[in-house]
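Report on one structure; see the data block that follows.
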Amino acid sequence: MSLSELFRAQEKGRTCISIIIPFEDKLSVKIQVGKTIEKVECLLQGIYSEDEIQKILIALDKLQYPMYQQGIGIYLTERFVKLARFPFMVNEKIHIGDSFWIKELIRLDYYNVGYYVLQVSENVINLYEGKLNKLEKVEDKRFPYLLEQYSPVYAGNIQIKNVANPLLKNYVLGADNKLSHYLGEKLLVLSGPEKHLIQFHEITNHWTHIVGNVTGNYMNEQLSVLEENVWPLMRDWLDNHKEVLANEWLAKKSLNKISDIREIWRAAVAGKGIILLVEKDYSLPAYQERADGGIHIKPPHTTYRIISDVVNEIMRIVLEEGGEVIILENGSLDKHHQMVLLTEGI
12 MSLSELFRAQ EKGRTCISII IPFEDKLSVK IQVGKTIEKV ECLLQGIYSE
62 DEIQKILIAL DKLQYPMYQQ GIGIYLTERF VKLARFPFMV NEKIHIGDSF
112 WIKELIRLDY YNVGYYVLQV SENVINLYEG KLNKLEKVED KRFPYLLEQY
162 SPVYAGNIQI KNVANPLLKN YVLGADNKLS HYLGEKLLVL SGPEKHLIQF
212 HEITNHWTHI VGNVTGNYMN EQLSVLEENV WPLMRDWLDN HKEVLANEWL
262 AKKSLNKISD IREIWRAAVA GKGIILLVEK DYSLPAYQER ADGGIHIKPP
312 HTTYRIISDV VNEIMRIVLE EGGEVIILEN GSLDKHHQMV LLTEGI
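Count along the sequence shown from 1, add 11, and you get the number used in my numbering.
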């Protein structure tokens, strides 16, 4: 499910319900879902009629809840219901308002990049295509690559000599050359016994793509075991990378940095936001004046509406206006009051 699909489902005048449910383990899924839905039912009292509440509960009951995720998000209106799977830790959240709660979906969208896993052994080298916490084995004319298929032509013009096992190293070099047909700009995780990974690092031409190593022989394990070891490595690399990117953006003198929440709101509504950086647990209620649309942290003396979480609204506005939102770790933006909007400099 994409954020654009969710935005299209938001209809003016209709209530949007967002339910975020964390799973501690696969055995607690049914119990945790049941407890959260009970809370939802209580919160819906006074908003919907009993018949409407029953329709919502029936829609929730029909969903197929995944067992092997760290959490889920359920998004529904009277005409729309979607479930998202989160392969990362989430906190329970029930949000009922004019728009959907989107923070976890923004994180999911950031993590949803393609990557490859090269699984190395003495007799066969496998390649997997990855997306989030799922891997799919590449089976074509290049992979799986068997040692018995090795030919000097695959290793290119340069052959490795004067080493303990030149055949094995040239075989690994052949696999590295084959990778050029797939990687492009994508990232690469290596898996295999430590000695084979050391050999690969010595000969590879794709070192700038390598995220890290999953050490061990998983050839005879179920694919899910490899997935469980690869995904945390990939996720941690992506988390560290966005912190680096955020610091680079903050250092750019050509970009204005807005940290005052009221100024951020005005710039976002005006479509000036290029990149919004926000800490993952930052949340803040606000009051919007009916007259000029400005927001306040304390109730103004004029007519206003309550925004239960103005941070969520700002993220939505920036995205709908074509900007980018990056969710960072708590404490990353202490100097900017937990959120900063980057706009074009004058």
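Using N, Cα and C, we set each Cβ at its ideal position, and we do this for glycine too.
In this structure, does DSSP put R246 in helix, strand or coil?
The answer is helix: DSSP assigns R246 an H, G or I state.
May I have the straight-line CA-CA distance separating Y126 from N102, to the nearest angstrom?
About 27 Å.
What do you reckon, are the CB atoms on E115 and I48 nearer than 8 Å?
Taking C-beta atoms as the reference points, E115 and I48 fail to come closer than 8 Å.
ask   = By DSSP, does I113 sit in helix, in strand, or in coil?
value = Three-state result, I113: coil.
Q.
Quick check: L353 and L266, are their CB atoms within less than 8 Å of each other?
A. L266 is positioned such that its CB atom lies closer than 8 Å to that of L353.
Does the distance from the C-beta atom of S13 to that of W112 stay below 8 Å? The beta carbons of S13 and W112 sit no closer together than 8 Å.
Review point. What did DSSP end up calling N188 once you bin it into helix, strand or coil?
Key: Of the three classes helix, strand and coil, the one that applies to N188 here is helix, per DSSP.
With a threshold of 16 other CB atoms inside 10 Å of the CB of H252, please say whether the residue is buried or exposed. So H252 ends up on the exposed side.
Looking at the strands, I want to know which residues DSSP matches up with N224. DSSP, once it has assigned bridges, lists L201 as partnering N224.
Fill in: Counterpart residues of H212 in DSSP-defined beta bridges
DSSP links H212 through a beta bridge to no other residue.
- Query: Does the stretch 336–347 touch the stretch 289–300, meaning 3 or more C-beta pairs lie closer than 8 Å?
  - Reply: In short, these stretches touch, since the Cβ pair count reaches three.
> Is T215 buried or exposed, if buried means 16 or more other CB atoms sit within 10 Å of its CB?
Replying inline: Buried, since its Cβ has 16 or more Cβ neighbours within 10 Å.
Counting only runs of 4+ residues fully inside the stretch 245–310, write out the alpha helix (DSSP H) ranges in chain order. Scanning the stretch 245–310 from its first residue to its last, the whole alpha helix (DSSP H) runs of 4-plus residues come out as 272–280.
Extent of the continuous beta strand (DSSP E) run through F97:
V92 to F97 is the extent of the beta strand (DSSP E) around F97.
| Reduced DSSP category for L339 - H, G, I as helix; E, B as strand; rest coil | If DSSP states are grouped into helix, strand and coil, L339 belongs with the strands.
* At a Cβ threshold of 8 Å, is I221 touching chain D? -> Among the protein chains of the structure shown there is no chain D, as only one such chain exists.
Notebook entry, point to check: Nearest to L339 by alpha carbon, out of Y86, E332 and Q349?
Noted result: Here the closest residue by C-alpha is Q349.
Are there 16 or more other CB atoms within 10 angstroms of the CB of V322, so buried, or fewer, so exposed? Under this definition V322 is a buried residue.
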